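Visitor: For the sequence shown, the UniProt record's numbering begins at 1 and goes up steadily by one.
Would you mind keeping the following structure in view while I ask a few things?
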Amino acid sequence: MKHPVFTYLTKLELPPINFWLDFEDSKVKLNSEALEEPRASLYPELQLGEGKWIYQKGNSIISFSKGKSEVMRTSNHADVVFVRVEDSFYEIVRVGDWYSFEGEQFFKLIRYMGRTLLAGKRRALLFAQGKMLELEAPLDFYVTRRFTSLVFEGETKAIDEKLNVTSFKREGYFLGLTSRGKVFKRGNRVYLEERLIGFCNGSSYFLGEMLDKIVFLCDSSAKIFSNWSWTQIEAEVTEDRSYVNSSFLILGSRENTSVYDSELNPIFSLKPSSVVADNRRLFALSQTNYFGVVDSGISREILRVINSKNSATSKIRIAYDKYFNVSFSKPLVVVSEEEMDDYRIVELEPEHFENAEVEIALWNPFYSESRILKFSSEKPRVSFDGEVMYSPEGKVKGTEHNALLKGVLAYEIPTRLPTGISLKIGNQEARLEVKNVKGVINVIQPLSLRHPEDNVVVSAYLIRGKGVSFLKDFVVPVKLVNPPIKVVKLARNRGHVRELSFLRDDGVFTWKRVKHYPNYFKGLIIGVSGENVTLEGREIEVKSGFQSVCLSRGFDEVCYDVLGVKTPVIRLEVTLEENYLVVKPVTFYTFPMEVFYGLNVYRGFPAKILFPFDPSWNTIRIRSYIGGRTVTQDFKLGTMDTVLKKALLDSIKLREILSSFGLA
């Protein structure tokens, strides 16, 4: 038995109902149990009509189109069968042991391959392809794939799938027409014309004629009648999945579909499917609605091994039929895949670079088989020559690490996948990119170590795709690095702290010792908000309140706190007390000032100041000293108001004095 060679394979968008194929007028037609279906032809051209599939599911009628289903109608009865006549749908309801259709009772209902037969005492109704055929009530009836037989007294009417009626002047089930005459069955006897050719106690079906052989089903056994004798070919066969022509005998069951040539030699064993044929090709519809074409005249390997060894210079390569899928019993990594003619060319690598015997499974919706193949692979090779440089008090330049792994890693890895190598010391890792199958990598990796031994273990791992696998352990010596004698001193001011650094550098490591001293740096600057102050050669705008300003001075960083004062004296409170002018400056902050009034002056901090009143002076000048700044403000007095207030106070006082003498 050989494997089938496919020339076409596609998935059909069909509803979840039973389908079967017919071959007629050199065309493959798709038939179904649907109540209504679009015209569907699968070969020589794939043509699925634009109409809807309408079918029964449970007690509902479902419409299916473009992958979507919709409930059209639901019956009130649970046990119901729908039939279609023209554009209308009717219900056949089961009531006990009989069936009700349009108010009429029938005692028998048969549904088979798209046809529905109702038999009653008065008449029989046959529904197919949206038509209804009415006949008188038969004595007996029988339904096969091609014909419905109604037996009357002295007569049998055979009705084909299109409801064409042919009458025969004899009683019995009409099974089919052969080149040697008609085949009937009466009781358990099978006749070819009038001649008895065999017995069958169960259901009988005529499958077809192949040269001088007539193929029957008796119950589920496929039998060949040839040279007036019978030969059983296969058991457990169903009529709806079987097909016969002059070139092929196709026997289908719920488990598989067997294909024989005209000499009854088995040539294919397919998964359960509906299969028809012409003289050379097989046309198959799977249970998952895939349609495929098999050409029996083509011989093509389903699998070829182009190369079975994986190495640094070659790859495992296989070619398999493009109409199949493939899987492997052991992990193999797919490196690349391309289609060429009728094959898919696949490049593979063993996941663990092992020599292995691998089972390769090939399958599609109609056929599957497996092959055992042996593959071999070179192992990855890595070596490391280097050392770990370690300084307890030093740091690798530009890092905070105290050790450096330094050396050369040589590798040869038989892979074409994106690959890396991981070097691990404890929980520290260096990842290296591998660009070629073979090469060397200079390794320079800073590390942090605590009291290492004379040697450390460096573990190498291969990173390939999403997988990580161990390669090898290397014992690497640890070299203690001492600081050089030469010292470079560096002093820096960091605000109020002076930093003194003692530096050593050998080109790989640096050693640094730092001392700190106080730096009495003047960092408080007071100014008037809105004005500018010059700090380290830069003009800085003074803002109200405190602001921090950090500037660079060579290697130093200098930070100032700038206090911005709006107006030193917010307001001046002035009152008269006897012969004195009382002056009280109101300020945000306390700072030294000079207050001038006429020929008098006050020097000190803001306070209540008394000046002898002199009406000839109407200006008070205040000079404020803020940080290193001097701010002068003049305040004008209302002189006439002050004089009048003074005169009023004097008159009141004079009246009080005169009153004491009784003169007022």
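Backbone N, C-alpha and C define an ideal beta-carbon position, used for all residues, glycine too.
Being a predicted model, the structure only gives us computed values, none of them experimental.
Of the residues P484, L348 and E339, which one's Cα is nearest the Cα of G394?
Guide: In the sequence shown, the residue the question calls residue 394 occupies position 394. Nearest option by C-alpha distance: P484.
Visitor: Which residue marks the beginning of the beta strand (DSSP E) containing D473, and which one marks its end?
Guide: As a first step, residue 473 must be located in the sequence shown, where it is residue number 473. Note, D473: beta strand (DSSP E), G467 to L480.
Visitor: Based on the DSSP output, what are the partners of Q547 in its beta bridges?
Guide: On the sequence shown, residue 547 is found 547 positions in, with the first residue counted as 1. Note: Q547 sits in a beta bridge opposite V562.
Visitor: Could you tell me the distance, in whole angstroms, from the CA atom of G495 to the CA atom of G554?
Guide: The sequence position of residue 495 within the sequence shown is 495, counting from 1. The sequence position of residue 554 within the sequence shown is 554, counting from 1. Spanning the two alpha carbons is a distance of roughly 13 Å.
Visitor: Would the segment 288-300 and the segment 401-412 be scored as touching if the rule is three or more Cβ pairs under 8 Å?
Guide: No: the two stretches stay apart, fewer than three of their Cβ pairs being nearer than 8 Å.
Visitor: What residues are listed by DSSP as bridge partners for D556?
Guide: Counting from one through the sequence shown, the residue named residue 556 turns up at place 556. Answer is R553.
Visitor: Would you give the residue range spanned by the beta strand (DSSP E) that A284 belongs to?
Guide: Your numbering for residue 284 matches position 284 in the sequence shown. It spans R281 to S286 - the beta strand (DSSP E) in which A284 sits, taken as one unbroken run.
Visitor: Which runs of the beta strand (DSSP E) fall wholly inside the segment 105-169 and span at least 3 residues, in chain order?
Guide: Here the runs fully enclosed are 108-112, 115-119, 123-128, 131-136, 140-143, 148-152, 155-159 and 165-168.
Visitor: Among G530, F521, F509 and S311, whose alpha-carbon lies nearest the alpha-carbon of R498?
Guide: Translated into the one-based positions of the sequence shown, residue 498 becomes position 498. Measuring from the Cα of R498, the nearest candidate turns out to be F521.
Visitor: Where does S659 fall in DSSP's three states?
Guide: Along the sequence shown, one-based indexing puts residue 659 at 659. Of the three classes helix, strand and coil, the one that applies to S659 here is helix, per DSSP.
Visitor: Using the three-state DSSP reduction, which class does P612 fall into: helix, strand or coil?
Guide: To locate residue 612, count along the sequence shown from 1; it is residue 612. P612: strand per DSSP, three-state reduction.
Visitor: Is there contact here, the segment 339-351 with the segment 265-277, by at least three beta-carbon pairs under 8 Å?
Guide: No, they do not touch.
Visitor: Rounded to the nearest angstrom, what separates G172 and L125 at their Cα positions?
Guide: Along the sequence shown, read from residue 1 onward, the residue named residue 172 stands at position 172. Along the sequence shown, read from residue 1 onward, the residue named residue 125 stands at position 125. Taking the straight line joining both Cα atoms gives about 19 Å.
Visitor: Which residue marks the beginning of the beta strand (DSSP E) containing S221, and which one marks its end?
Guide: For this step, residue 221 is matched to residue 221 along the sequence shown. Start and end: S221 to S226.
Visitor: Would you list, in sequence order, the uninterrupted beta strand (DSSP E) runs of no fewer than 3 residues that lie entirely inside the segment 21-103?
Guide: Entirely contained in the segment 21-103, the beta strand (DSSP E) runs reaching 3 residues are, in chain order, 27-32, 40-43, 53-57, 60-65, 68-74, 80-85, 88-95 and 98-101.
Visitor: Assess, as a yes-or-no matter, whether the segment 625-638 is touched by the segment 524-532 under the definition of 3 or more beta carbon pairs within less than 8 Å.
Guide: Yes, the segment 524-532 is in contact with the segment 625-638.
Visitor: Taking G187 as the reference, give the member of G181, L196, R180 and S179 with the closest Cα.
Guide: Taking the sequence shown and counting its residues from 1, one reaches residue 187 at position 187. Per the Cα distances, L196.
Visitor: Where do the ends of the beta strand (DSSP E) carrying S299 lie?
Guide: Position 299 of the sequence shown, counted from the start, is the residue given in the question as residue 299. Run containing S299: none; DSSP gives neither H nor E here.
Visitor: Kindly indicate which three-state DSSP category L576 falls into: helix, strand or coil?
Guide: As a position in the sequence shown, residue 576 is number 576, starting the count at 1. DSSP places L576 in strand when its eight states are reduced to three.
Visitor: Where does M210 sit, in a helix, a strand or coil, going by DSSP?
Guide: Position 210 of the sequence shown, counting from 1, holds the residue named residue 210. M210 falls in the strand class under three-state DSSP.
Visitor: Leaving out the 5 sequence neighbours to the left and right, which residues in its chain are closer than 8 Å to L417 when beta-carbon positions are compared?
Guide: Your numbering for residue 417 matches position 417 in the sequence shown. If we look at L417 and ignore the five residues flanking it on each side, its Cβ neighbours are V333, V335, E349, R464 and G465.
Visitor: Counting only the same chain and skipping the five closest in sequence on each side, list residues whose C-beta sits under 6 Å from that of K223.
Guide: One-based indexing of the sequence shown puts residue 223 at position 223. Within the same chain, K223 has close Cβ partners F216, W230 and Q232.
Visitor: Could you tell me which residues DSSP pairs with N455 in its beta bridges?
Guide: Walking along the sequence shown from the start, residue 455 turns up at place 455. BP columns for N455 point to P477.
Visitor: Compare the beta carbon distance of E209 and V259 with 8 Å and say whether it is the shorter of the two.
Guide: On the sequence shown, residue 209 is found 209 positions in, with the first residue counted as 1. On the sequence shown, residue 259 is found 259 positions in, with the first residue counted as 1. No.
Visitor: Could you pull out every residue in the same chain whose Cβ sits closer than 6 Å to the Cβ of W363, ignoring the five residues on either side in sequence?
Guide: On the sequence shown, position 363 is the one that residue 363 refers to. Around W363: N325.
Visitor: Would you check if the distance between the CB atom of D634 and the CB atom of R623 is smaller than 8 Å?
Guide: Counting from 1 along the sequence shown, the entry for residue 634 is found at position 634. Counting from 1 along the sequence shown, the entry for residue 623 is found at position 623. Going by C-beta atoms, D634 is not nearer than 8 Å to R623.
Visitor: If you follow the beta strand (DSSP E) that D505 is in, where does it begin and where does it stop?
Guide: Residue numbering aside, residue 505 sits at position 505 when the sequence shown is read from its first letter. D505 -> beta strand (DSSP E) spans V497 to D505.
Visitor: To the nearest angstrom, how far is the alpha carbon of G420 from that of L432?
Guide: Working through the sequence shown from its first residue, we reach residue 420 at position 420. Working through the sequence shown from its first residue, we reach residue 432 at position 432. Spanning the two alpha carbons is a distance of roughly 6 Å.
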